[in-house]
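A.B. asks: The structure under discussion is supplied below as C-alpha cells; questions concerning it will follow.
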Amino acid sequence: MKVSTLALAILSTLLLSACGGGGGGSDSDNTTTAPTRSIQGKAIDGYVKGATVGLDLNFNGKLDAGEPTTITGDNGAYILDIKSNSDASCADYVPTIVDVPVGAIDEDLGVVETAYTMTIAPAIFIPSDKDIRDITPLTTILWDNIQRDLETSNLGMLSCSTIQDQSETRERISGMLKEQEYRLQLRFNVPVKELYSDFIASGNTELASSAANLVKGMQLSYEETRVMLQDPNVVYADVEYMQGHWNHMMEDETNSTHWHRVTRVQYKDKSTTARIERMSDDLTTVVKTMEDSMKRERTERGLTLLENFAIEPDGCNSVIEVVQASTDGYGLRNQHHAADITSLQDCQDVTNSTSLTAQTILTFRTNGLEHIGKIDEGGQFRFDEKDIYTNRDLALDFETMSPEDLDQYNYISQDFTDSFTHNSTSALRNQATNLEDRYIWIDRDLTQGLWSKIIQFKSGIYENYCSDDGTTWTPTDVISKCMNSSVE
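The numbering of the sequence shown is the working numbering, which starts it at 1260 and goes up by one.
In C-alpha cells form, the structure reads like this:
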C-alpha cells in the first residue's frame, strides 16, 4: 500500500470537508454545472461513513486536488458526480479510490482510529455494472497486486489515454486481473462477481469476515508506509500484509494461513531492499524473518555491476554479476555463501574468494524487436569453486574491468539451440518469446537433457509443460517437476 506525505495532507483537508457530508456527490469544480456522468456505490469494510471517494486520474494511488471526489454517507453509500467531459470520458479507464481518514465511522466497528485506503480497478476490466462500484478490501487486494506488477513491467507510465488507445496494454491488465481474481476466488470459494459485491447486503458473513481481516493489514500497511516515507533518502516504500504465501509461484505453503509482512523500499542511491517476515495472527509480533535482502546496480565504462545480498534460513547468500551493457553480450556471475552471517550489513562483505561457491558464465542476445515478435535468449554455464581460476573477487575486479575482458567467453554460442555444455557442472539455456496472444518461456537443462515450458496467455491463463526432447510436451501442474536441478 503506497502513501505519501502529500496524500496525508489531502486526507486531513478532505476530512474537514466531510463534516455534515452525506451520500450526495461533490466535485473539485464547485460550480453548479449539471454532472456529465454519475457513479454510485458503497465503501465497505463494515459500511464506512465519512470517507472520500474519487477518481485516480493520474494512476498515482492517491486523490489529488482537481480530481473529482465525494463523501460517503449512511451505509457507506456515495454518488460521485463528474462534471468535466474529459474526466467523464476517463471514468471507466482509471481506478476509483476510497480514502478512509481517522474519524470516519465504520458502522460495524465504530470510529476509525487508523487511516487507510481502498481501491477498485478501472471499470472497463471488472465484471459488474460500470456505474455501480462497491469498493472493499477484496477489490483493493485485486488491484494493488496488479499495480505492483505493472510498476515492474515494460508498459511505461499508465494513464487514461494509454488504456483507451493501446489494446496490448488493456489485454495485459485484463489478463493480470483475471489471474488475481482466480486466486481470490479459490481462496474464498466464491464466484468472481462476489469479489466485487456488497457482501454485507448479500449476507455472506464468511466473506465479510475475510474482508475485515484484510483491513487489519491494510491499516498497518498505510501507517508503516507513511512513517518510512518520512526518511528523506527514501523515494518509494511499500508495506503489505498478506495471508498465505508471499510468492504464489512457490509451491510450498501456497495455501498457508500464516500472515506475512513484505516491505520494499527504494532509496535515492537506486538501491532497493526487501524484507519478508512471518507475523503473529494479531500482526503485532515478528515470528520469523524469512528473507532480508538488498540490491544495488550501477553502470559505467560499458559494464553493469549487479549486487544482490540476502539473509535467508541458511545464512548469507550474495550474488555478484558483471555484464556487458548491451543487448547482446556476455557476463559473469559469482555466488558466495557464509552460514555464520546473520546481518544484512555484514552480508555485503561476503564477496571475496574465500566465500566463493560457484561461478556462472552468462550469454544473452535479443532479435531487436521491441514488443510483438520479440525473442530473448540467454545461457548460464555454471562451474564449481574448485574449477574457478579468474575473477574470483568480481566486485573488486569490476573497478578495473573493461567490456572487452568479457569477450574471452565468446567461444560459447548465444544460440538457444546450441547443446554444448563446455565442461560446466550444469548448463541452462532459456528463451522468451512475445507473441500476439501469449508469452512463452522455455528452459533447457543441457546437462540432464530436460526441458520446461510456461505459456502465459494474455487473457491471464497459464499452462506448464515438460519435455525430454523439446518436441513432445507433457502438461504438468508444477513447473519444477520438469527438472531435478537447474542452474541458479
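Yeah, the Cβ is synthetic: ideal placement off N, Cα and C, and Gly gets one too.
Since the structure is predicted, the reported quantities are computational estimates derived from the model, not experimental observations.
What are the boundary residues of the beta strand (DSSP E) that includes S1552?
C.D. replies: Counted from its first residue, the sequence shown places residue 1552 at position 293. Unbroken beta strand (DSSP E) run through S1552: 1545 to 1559.
A.B. asks: Do the CB positions of V1307 and G1335 come within less than 8 Å of each other?
C.D. replies: Here residue 1307 is taken as the residue at index 48 of the sequence shown, counted from 1. Here residue 1335 is taken as the residue at index 76 of the sequence shown, counted from 1. In terms of Cβ geometry, V1307 and G1335 form a close pair [threshold 8 Å].
A.B. asks: Go ahead and label T1378 buried or exposed: buried means 16 or more other beta carbons lie within 10 angstroms of its beta carbon, across all protein chains shown.
C.D. replies: Here residue 1378 refers to the residue found at position 119 of the sequence shown. So T1378 counts as buried.
A.B. asks: Run through DSSP, which three-state label would W1402 get?
C.D. replies: Looking up residue 1402 in the sequence shown gives position 143. Note: W1402 maps to helix in three-state DSSP.
A.B. asks: Applying the 10 Å Cβ sphere with the 16-neighbour rule, what's the burial state of T1543?
C.D. replies: In the sequence shown, counting from the first residue as 1, residue 1543 sits at position 284. With fewer than 16 other CB atoms across the displayed protein chains lying within 10 angstroms of its CB, T1543 is exposed.
A.B. asks: Between the alpha carbons of P1572 and S1343, how many angstroms are there, rounded?
C.D. replies: For the purposes of this step, residue 1572 is identified with residue 313 of the sequence shown, where counting begins at 1. For the purposes of this step, residue 1343 is identified with residue 84 of the sequence shown, where counting begins at 1. Answer to the nearest angstrom: the Cα atoms are 55 Å apart.
A.B. asks: Identify the residues that DSSP records as bridge partners of L1591: which are they?
C.D. replies: Taking the first residue of the sequence shown as 1, we reach residue 1591 at position 332. Note: L1591 sits in a beta bridge opposite V1581, I1620.
A.B. asks: With C-beta atoms as the reference, is L1591 less than 8 Å away from N1682?
C.D. replies: By 1-based counting over the sequence shown, the position of residue 1591 is 332. By 1-based counting over the sequence shown, the position of residue 1682 is 423. Not in contact: L1591 and N1682 (Cβ atoms no closer than 8 Å).
A.B. asks: For Q1604, which beta-bridge partners are listed by DSSP?
C.D. replies: For the purposes of this step, residue 1604 is taken as residue 345 along the sequence shown, with counting starting at 1. Paired residue(s): none; Q1604 is not in a bridge.
A.B. asks: Can you tell me which residues form a DSSP beta bridge with Y1526?
C.D. replies: The count along the sequence shown starts at 1 and reaches residue 1526 at position 267. Answer is V1493.
A.B. asks: Could you tell me which of D1490, A1350, E1499 sits nearest to L1479, measuring between CA atoms?
C.D. replies: Sequence index remark: in the sequence shown, residue 1479 carries index 220 (1-based). Residue E1499 is the option with its Cα nearest to L1479.
A.B. asks: Could you tell me how far apart the beta carbons of F1640 and T1625 are, in whole angstroms, since I believe they sit closer than 8 Å?
C.D. replies: Against the sequence shown, residue 1640 aligns to sequence position 381. Against the sequence shown, residue 1625 aligns to sequence position 366. About 19 Å separates the two Cβ atoms, so there is no contact after all.
A.B. asks: Per DSSP, what kind of secondary structure is M1509 in: helix, strand or coil?
C.D. replies: Position 250 of the sequence shown, counted from the start, is the residue given in the question as residue 1509. In this prediction, M1509 scores a pLDDT of 42, lower than 50, which makes its location untrustworthy; the coordinate-derived value is nonetheless stated afterwards. Three-state DSSP puts M1509 in coil, outside helix and strand.
A.B. asks: Would you check if the distance between the CB atom of V1493 and the CB atom of Y1526 is smaller than 8 Å?
C.D. replies: Within the sequence shown, numbered from 1, the residue matching residue 1493 stands at position 234. Within the sequence shown, numbered from 1, the residue matching residue 1526 stands at position 267. Going by C-beta atoms, V1493 is nearer than 8 Å to Y1526.
A.B. asks: So what does DSSP say about V1498, is it helix, strand or coil?
C.D. replies: Start at 1 with the first residue of the sequence shown, and residue 1498 comes out as number 239. V1498 falls in the strand class under three-state DSSP.
A.B. asks: Along the chain, which unbroken stretches of the beta strand (DSSP E) at least 3 residues long are found entirely within the region 1329 to 1360?
C.D. replies: 1336 to 1341, 1355 to 1359
A.B. asks: Taking only three categories from DSSP, how would you classify D1704?
C.D. replies: Here the question's residue 1704 lines up with position 445 in the sequence shown. In the structure shown, D1704 sits in a strand (DSSP, three-state: E or B).
A.B. asks: In three-state terms, what does DSSP make of M1538?
C.D. replies: What you label residue 1538 is simply residue 279 of the sequence shown in a count that begins at 1. Strand, per DSSP.
A.B. asks: Is it right to say Y1416 is buried, meaning 16 or more other beta carbons lie within 10 angstroms of its own, or is it exposed?
C.D. replies: For the purposes of this step, residue 1416 is identified with residue 157 of the sequence shown, where counting begins at 1. In the sequence as displayed, the identity of residue 1416 is Met instead of Tyr. It counts as exposed.
A.B. asks: Pick helix, strand or coil for D1666, following the three-state DSSP scheme.
C.D. replies: In the sequence shown, the residue the question calls residue 1666 occupies position 407. Helix at D1666.
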